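Residue numbers (my numbering), protein chains in the order written: chain A, 112 to 536; chain B, 13 to 152.
Even for Gly, the Cβ is constructed at its ideal location relative to N, Cα and C.
All values derive from a computational prediction rather than experimental measurement.
Everything on this sheet refers to the single structure shown next.
See the structure below:
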């Protein structure tokens, strides 16, 4: 998928209300009341809502095809396998993989990262080897590596991030040069806390000069950006369906084909084997050797529908443009409220995520009272405890947008926030 | 007054406020006017698990009755803690252990403050009862 320059944000862009209403009509969960008020869902970075196309795909699967994959000789088994493999191919096309063999279905980004950590710890990583992360990584891309530091004695190095959320590339370069045996660089496509989008193409190139493997945590990536893993040059790319309008319980791990010999299986059991004896086993070819047990076929069907929704139903570029306009409107509004301090200011490019805090007012109180207005935001550490602690914060409020949010919703949120702060301040 | 009678009084007090924001305002005021803990008293061991903010709860036994003091770094949990300590303080362990608070729904904040949410409400009640049980066992 190539970028369309004519859809770049321009000074004359206006909110296309009709278009947004059409988009919103696809999402049944938007049409509900919370505490007597219309839902204002601003927690999309936690999970997105799902369009009827995706809900229908999952429901249809269970109503009809519904059989186990790969091992059956009957019609439903074949249909099930067909849709599962069609989903795999669709994902491969979606992220620009060379073949569907490079696509492994997991239960989500966290499992994908744990997969890589476990497999590399068995086959690649030695005590004293270095793994490089950024300071703003989500716990799911930090804790597995801390565990390996404790269990295996690997070294962890952290690329510092500026207050803007941007990674300090000169320090990254220095860490690459000076660290022993840099085996892996594992970084987020974008930060779920600050919204900062990392220059993953450039950072991958830098890592490759030192012979390191590169893993991208794409949880906040695919939903707002066109991803081409060959262009990025990464070895692994992980993402979850549920943050990109797909079902929960299914995710993807892209593993570059050249690594399929070196990267061993993560989970063992049925479906990933070739021949099993009492004392030894030979494995199936990739990607099957990476998928043990009955997969979440309904989830894969839903993910296929989500990708189709994003690429065929939605005008993806228009949706991203809308998100950026909403982000601008949200940031402008927040900067006008006394006491509100935003994280990640000055960072560019940025996903439509804003974290903020109000000194002297606890984030729990703010979020609780906002809920009374039907506003769904997230409060707390957002699974980024170490960085928040470094910045002297215990928690923030995070508002995260999608193309189906409206200017009116943001205005209502800002109004509610002012009332809440007047009461709590 | 029994705990039950105090609870009825609390529910009646809330009837003055129709609007949910006003109810929250009242909870916050109860927290502000209730007893706090000084910084020295805010020890790790007094922290209650299961709350999104920090909530400290301490208890002592005097003349066969348990007295509670609580505090929080967030104002809504501080208010909830003040309501709970108000209800349960000055009663014998048995009365405390037998009592199940019912007021959250009845004050009209059932949707907002249901015990299944991690506002610490059920964790606080549990800890209040844990203290009562501990004091009761020491008495025996």
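Measure the beta-carbon distance from residue 80 (chain B) to residue 69 (chain B) and round it to whole angstroms, keeping in mind my assumption that it falls under 8 Å. To locate residue 80 (chain B), count along the second chain from 1; it is residue 68. To locate residue 69 (chain B), count along the second chain from 1; it is residue 57. Sure, about 6 Å apart at Cβ, within 8 Å.
Ignore the nearest five residues each way along the sequence and tell me which others in residue 46 (chain B)'s own chain have a CB closer than 6 Å to its CB. In the second chain, residue 46 (chain B) corresponds to position 34, counting from 1. Contacts found: 94.
Tell me whether residue 32 (chain B) sits in a helix, a strand or coil according to DSSP, three-state version. For the purposes of this step, residue 32 (chain B) is taken as the residue at position 20 of the second chain. In the structure shown, residue 32 (chain B) adopts helical secondary structure according to DSSP, grouped into three states.
Could you confirm whether any beta carbon from chain A is found closer than 8 Å to the beta carbon of residue 83 (chain B)? Taking the second chain and counting its residues from 1, the one referred to as residue 83 (chain B) is at position 71. By this cut-off, residue 83 (chain B) is not an interface position.
Decide if residue 14 (chain B) is buried, meaning its Cβ has at least 16 other Cβ atoms within 10 Å, or exposed. Within the second chain, numbered from 1, the residue matching residue 14 (chain B) stands at position 2. Exposed.
Backbone secondary structure at residue 89 (chain B) - three-state DSSP: Along the second chain, one-based indexing puts residue 89 (chain B) at 77. If DSSP states are grouped into helix, strand and coil, residue 89 (chain B) belongs with the helices.
Return the chain-ordered list of same chain residues with a C-beta closer than 6 Å to the C-beta of residue 510 (chain A), the five sequence neighbours on each side being excluded. One-based indexing of the first chain puts residue 510 (chain A) at position 399. If we look at residue 510 (chain A) and ignore the five residues flanking it on each side, its Cβ neighbours are 153, 465, 488.
Chain-order list of residues whose beta-carbon lies under 6 Å from that of residue 145 (chain A) (same chain, five-residue window excluded): Taking the first residue of the first chain as position 1, residue 145 (chain A) is located at position 34. Here the set comprises 485.
Helix, strand or coil: which one does DSSP assign to residue 518 (chain A)? Residue 518 (chain A) sits at position 407 when you count from the first residue of the first chain. Correct three-state label for residue 518 (chain A): helix.
With burial defined as no fewer than 16 other Cβ atoms inside 10 Å of the residue's Cβ, what is the status of residue 156 (chain A): buried or exposed? Here residue 156 (chain A) is taken as the residue at index 45 of the first chain, counted from 1. It counts as buried.
Reduced DSSP secondary structure (H/G/I, E/B, other) of residue 218 (chain A): Here residue 218 (chain A) refers to the residue found at position 107 of the first chain. In the structure shown, residue 218 (chain A) sits in coil (DSSP, three-state: anything other than H, G, I, E or B).
Which of the residues in the segment 313 to 339 of chain A, read from start to end, lie with their CB under 9 Å from any CB of chain B? Cβ contacts with chain B: none found.
How far does the beta strand (DSSP E) with residue 421 (chain A) in it extend, from its first residue to its last? Here the question's residue 421 (chain A) lines up with position 310 in the first chain. Note, residue 421 (chain A): premise wrong, no beta strand (DSSP E); not H, not E.
Could you list which residues in chain B have their beta carbon closer than 8 Å to that of residue 482 (chain A), in chain order? On the first chain, position 371 is the one that residue 482 (chain A) refers to. Simply 124.
Buried or exposed (CB count within 10 angstroms, at least 16 for buried), residue 113 (chain A): On the first chain, residue 113 (chain A) is found 2 positions in, with the first residue counted as 1. Unreliable positioning characterises residue 113 (chain A) in this predicted model, as indicated by a pLDDT of 39, which lies under 50. The coordinate reading is nonetheless provided below. Burial call: exposed.
Cβ-based neighbour list, residue 115 (chain A), same chain, cut-off 7 Å, excluding 5 preceding and 5 following: In the first chain, counting from the first residue as 1, residue 115 (chain A) sits at position 4. Confidence at residue 115 (chain A) is low in this model, with a pLDDT of 40, below 50, so the placement of that residue should be treated as unreliable; the coordinate-derived value is given next. Excluding residues within five positions, the ones whose Cβ falls inside 7 Å are 428.
What residues in its chain sit with their C-beta under 7 Å from that of residue 412 (chain A), if we drop five residues either side in the sequence? Start at 1 with the first residue of the first chain, and residue 412 (chain A) comes out as number 301. Excluding sequence positions up to five before and after residue 412 (chain A), its CB lies within less than 7 Å of the CB of 168, 169, 172, 194, 198, all in the same chain and listed in chain order.
C-beta atoms of residue 280 (chain A) and residue 318 (chain A) nearer than 8 Å: Taking the first residue of the first chain as 1, we reach residue 280 (chain A) at position 169. Taking the first residue of the first chain as 1, we reach residue 318 (chain A) at position 207. For residue 280 (chain A) and residue 318 (chain A), no; Cβs fall outside 8 Å.
Please confirm whether residue 33 (chain B) has its beta-carbon closer than 8 Å to some beta-carbon of chain A. The residue labelled residue 33 (chain B) in the question sits at position 21 within the second chain. True, the Cβ-Cβ gap to chain A drops below 8 Å.
Coil, strand or helix - residue 266 (chain A) by DSSP: Numbered from its first residue, the first chain carries residue 266 (chain A) at position 155. Here residue 266 (chain A) sits in strand by DSSP.
Quick check: what's the CA-CA separation for residue 493 (chain A) versus residue 467 (chain A)? On the first chain, position 382 is the one that residue 493 (chain A) refers to. On the first chain, position 356 is the one that residue 467 (chain A) refers to. Approximately 12 Å, taken between the alpha carbons.
Specify the secondary structure class of residue 152 (chain B) as computed by DSSP and reduced to three states. As a position in the second chain, residue 152 (chain B) is number 140, starting the count at 1. Here residue 152 (chain B) sits in coil by DSSP.
Run down chain B in chain order and give the residues with a C-beta less than 8 Å from the C-beta of residue 535 (chain A). Within the first chain, the letter at position 424 stands for residue 535 (chain A). Contact of residue 535 (chain A) with chain B by beta-carbon distance below 8 Å involves 40, 87.
At a cut of 8 Å, does the segment 99 to 106 of chain B reach the segment 495 to 514 of chain A through at least three beta carbon pairs? no
Give a yes or no on whether 8 Å exceeds the smallest Cβ distance from residue 134 (chain B) to chain A. Indexing the second chain from 1 puts residue 134 (chain B) at position 122. Closer than 8 Å: no.
Between residue 245 (chain A) and chain B, is the shortest Cβ-Cβ distance under 8 Å, so that the two count as touching? Here residue 245 (chain A) refers to the residue found at position 134 of the first chain. So, not an interface residue.
Of the residues B:149, B:115, B:20, B:140, which one's Cα is nearest the Cα of residue 61 (chain B)? Mapped onto the second chain, residue 61 (chain B) falls at position 49. Comparing Cα positions, the closest option is B:140.
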